[in-house]
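In what follows, a single structure is set out as structure tokens and then discussed.
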Amino acid sequence: MSELTTIARPYAKAAFDFAVEQSSSDKSSVEKWNKMLGFLAEVVKNETMQAFLTGSFSSQKLADTVISICGEQLDQYGQNLVRLMAENKRLTVLPAVLKEFQRYVEEYQAITEVQVTSAQPLSVAQQEKIAAAMEKRLAQKVKLNCNVDKALIAGVIIRTEDFVIDGSSRGQLTRLANELQL
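Using this note's numbering, you'd call the opening residue of the sequence shown number 3 and step up by one each time.
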């Protein structure tokens with residue numbers, strides 16, 4: 003089973019990256035790709051289709067047949083994926099491609115919690131600016147948990163599971179004191 007995953011992962015990643023790239027102009031692009039891959043996976047799971055795909059037909063014939071069976075369920079990009087996978091004799095791994103694609107979607111849609119500690123309460127505009135910057139840096143949606151700590155003097159400390167950004171005056175003074183002791 004892991005061999006199928008290894009084969010399917012690059013196709014799923016390419017489809018996912020393309021769908022995310024297209025989602026800037028078409029908000030439903032990721033969902034559209036999920037539906038296309040789901041339909042393709044169901045077509046390929048069919049026993050008759052399995053026998054056909056493992057037969058000695060040309061890659062062009064295999065691609066044309068799958069595309070004609072799917073009809074309007076595939077857009078031009080889905081058809082290109084079918085042609086590429088047919089050339090590489092990989093059409094039978096489409097169910098694994100769907101599974102990997104869905105895993106990428108789940109990771110993409112995950113929300114990361116970000117702890118923001120500030121010396122003063124943050125305005126809505128400041129919170130939005132921090133959230134946008136963190137979403138860009140983490141490439142994920144974020145949820146801010148804001149709290150106030152007067153001991154910071156000024157500035158903010160931003161924490162996630164992976165890193166800490168200390169932009170507080172207290173942190174800057176601590177770093178300066180450490181440098182001066184060297």
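Ideal Cβ positions, reconstructed from N, Cα and C, are used throughout, including at glycine.
Taking all protein chains shown into account, decide if S60 is buried (16 or more other Cβ within 10 angstroms of its Cβ) or exposed. Taking the first residue of the sequence shown as position 1, residue 60 is located at position 58. Exposed, since its Cβ has fewer than 16 Cβ neighbours within 10 Å.
Hey, how far is the Cα of L124 from the Cα of V166? Here the question's residue 124 lines up with position 122 in the sequence shown. Here the question's residue 166 lines up with position 164 in the sequence shown. If I take the Cα positions, the gap works out to 18 Å.
By DSSP, does T162 sit in helix, in strand, or in coil? In the sequence shown, the residue the question calls residue 162 occupies position 160. Residue state for T162 is assigned as coil, using DSSP reduced to three classes.
On the three-state DSSP scale, how would you describe N90? Counting from 1 along the sequence shown, the entry for residue 90 is found at position 88. If DSSP states are grouped into helix, strand and coil, N90 belongs with coil.
At least 3 beta-carbon pairs within less than 8 Å: the region 148-163 vs the region 116-131: Touching, per the Cβ criterion.
Restricting to Cα atoms, I'd like to know which of Q122, S30, V95 and D66 is closest to L6. Your numbering for residue 6 matches position 4 in the sequence shown. Looking at the Cα atoms, V95 is the closest of the given residues.
Report the option in W35, L93, I132 and R85 whose CA atom is closest to the CA atom of I9. The residue you call residue 9 lines up with position 7 of the sequence shown. Per the Cα distances, L93.
Do the region 31-47 and the region 68-87 touch if we need at least three Cβ pairs shorter than 8 Å? Touching, per the Cβ criterion.
Looking at the unbroken beta strand (DSSP E) that takes in N147, where does it start and where does it end? Your numbering for residue 147 matches position 145 in the sequence shown. From DSSP, the beta strand (DSSP E) with N147 extends over K143 to V150.
Cross-strand partners of V118 (DSSP beta bridge): Along the sequence shown, one-based indexing puts residue 118 at 116. Looking at the DSSP output, V118 bridges to C148 and I160.
What number of angstroms, rounded off, separates the C-alpha of Y79 from the C-alpha of L178? As a working mapping, residue 79 is identified with position 77 in the sequence shown. As a working mapping, residue 178 is identified with position 176 in the sequence shown. If you take the alpha carbons of Y79 and L178, they lie about 55 Å apart.
Let me check one thing: in DSSP terms, what residues is I167 bridge-paired to? Your numbering for residue 167 matches position 165 in the sequence shown. Beta-bridge pairing links I167 to I160.
Report yes if the CB atom of A14 is closer than 8 Å to the CB atom of V144, and no otherwise. Your numbering for residue 14 matches position 12 in the sequence shown. Your numbering for residue 144 matches position 142 in the sequence shown. Contact check for A14 against V144 fails: the beta carbons are separated by 8 Å or more.
Complete runs of the alpha helix (DSSP H) confined to the region 24-80 [at least 4 residues]: Fully enclosed alpha helix (DSSP H) runs of 4 or longer: 31-47, 49-55 and 61-72.
Short of 8 Å in beta carbon distance, which residues of its chain neighbour I113, apart from the five on each side in sequence? Order them along the chain. What you label residue 113 is simply residue 111 of the sequence shown in a count that begins at 1. Once the five neighbours on either side are set aside, the close Cβ partners of I113 are Q142, K143, V144 and K145.
Coarse secondary structure for I9, derived from DSSP in three states: By one-based count along the sequence shown, residue 9 stands at place 7. In the structure shown, I9 sits in a helix (DSSP, three-state: H, G or I).
What does I132 pair with, by DSSP beta-bridge criteria? Looking up residue 132 in the sequence shown gives position 130. Answer is none; I132 lacks a bridge partner.
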